[in-house]
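Beneath this line is the structure, given in structure tokens, with notes to follow.
Numbering (my numbering), first residue to last: 1032 to 1187.
The following block contains the structure:
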């Protein structure tokens, strides 16, 4: 099954507005996704940039999103544990900081593609706040019931 991921702030394949980037207010954009299949225990989200020089740059790791949640508001705080959505946990990005870190590709590097991937999981994962993308992927192994992504672009 595929999840449909979207944002009221930008359409698939379009430029991410400056307020959601490192050049702007660096707020996380609002996101929505279609409900996962029956048996979805929770959701996880990974945002990364495979166009980054050297390696894929991780911008956001968020997990333990309750199964009734199918949207994130603009400006999710960078706290370890969230109250909205309740119980969600933030991981570390490639800057080694918790929470969202918006697009800010090096000047002159052309257009980068930012992948917001949402996963519906068949069981709750047991990761404390501060997990890395590889740790989350390892914890999700064999538990992904559905997934989907929204890709936005940005250049400087």
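Ideal Cβ placement from N, Cα and C applies to all residues, glycine included.
Closest residue to residue i among the options (Cα-Cα distance)
i            : options                : result
residue 1102 : 1148, 1128, 1133       : 1148
residue 1172 : 1046, 1131, 1151, 1183 : 1151
residue 1136 : 1160, 1054, 1042, 1070 : 1054
residue 1110 : 1161, 1050, 1042       : 1161
residue 1097 : 1075, 1084, 1081       : 1075
residue 1179 : 1119, 1122, 1064, 1086 : 1064
residue 1068 : 1167, 1033, 1084       : 1033
residue 1127 : 1091, 1138, 1077       : 1091
Straight-line Cα distance separating residue j from residue i
i            : j            : result
residue 1057 : residue 1094 : 20 Å
residue 1156 : residue 1129 : 18 Å
residue 1059 : residue 1079 : 13 Å
residue 1144 : residue 1088 : 11 Å
residue 1047 : residue 1176 : 28 Å
residue 1106 : residue 1123 : 17 Å
residue 1154 : residue 1165 : 18 Å
residue 1118 : residue 1073 : 10 Å
residue 1125 : residue 1159 : 18 Å
residue 1231 : residue 1049 : Since the first residue of the chain shown is 1032 and the last is 1187, residue 1231 is not available in this structure.
residue 1181 : residue 1100 : 17 Å
residue 1141 : residue 1186 : 6 Å
Helix, strand or coil at residue i according to DSSP, with G and I counted as helix
i            : result
residue 1158 : coil
residue 1177 : strand
residue 1168 : helix
Chain D within 8 Å of residue i, Cβ atoms only
i            : result
residue 1045 : The structure shown contains no chain D; it holds only a single protein chain.
Identity of the residues DSSP links to residue i by a beta bridge
i            : result
residue 1033 : 1178
residue 1152 : 1073, 1175
residue 1046 : 1184
residue 1058 : In the DSSP output, where bridge partners are listed per residue, residue 1058 has none listed.
Length-filtered (3 minimum) beta strand (DSSP E) runs lying within the region 1068-1150 | 1073-1080, 1088-1096, 1112-1114, 1117-1121
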